[in-house]
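Numbering (the working numbering), first residue to last: -9 to 117.
Here's the structure, in structure tokens; my notes come after.
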């Protein structure tokens, strides 16, 4: 008998250096019915993506410590894992100021839980 993978929730990787914001984003992912993973910066996110094949979407802040910001991470993910959907968030920058990869979406902070959940479901489907 083949296992039914349709009931396995999609995995969403949250990339956020501020712990309280990351915890809030994890709650949104869980409220949407998905499985959250967490990374504090782009390097940790890439390491997670290199070790897993089940990540459906990343949600990354733009401004993070380290050598790569969220926009750089979005482009790196799109180049290496083009099937992974991308949401980029920022409280300082606006969409028109950004060069995002195709099929990625921008959300401004503060994040609205309903809006984030709707975007995730639109991009990767209902859990």
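Built from N, CA and C at the ideal position, the CB exists for glycine as well.
A direct Cα-to-Cα measurement between residue 94 and residue 41 gives close to 22 Å. Secondary structure note for residue 109: its alpha helix (DSSP H) is the uninterrupted segment 103 to 114. In this structure, residue 6 sits near residue 15, with a CB-CB distance shorter than 9 Å.
In this chain, the beta strand (DSSP E) harbouring residue 77 covers 75 to 80. The criterion of a C-beta distance shorter than 9 Å is not satisfied by residue 110 and residue 39.
At the C-beta level, residue 32 and residue 9 stay beyond 9 Å of one another.
Residue 43 sits exposed, since fewer than 16 C-beta atoms from the chains shown fall within 10 Å of its C-beta. By the beta-carbon neighbour count (other beta carbons within 10 angstroms, threshold 16), residue 108 is exposed.
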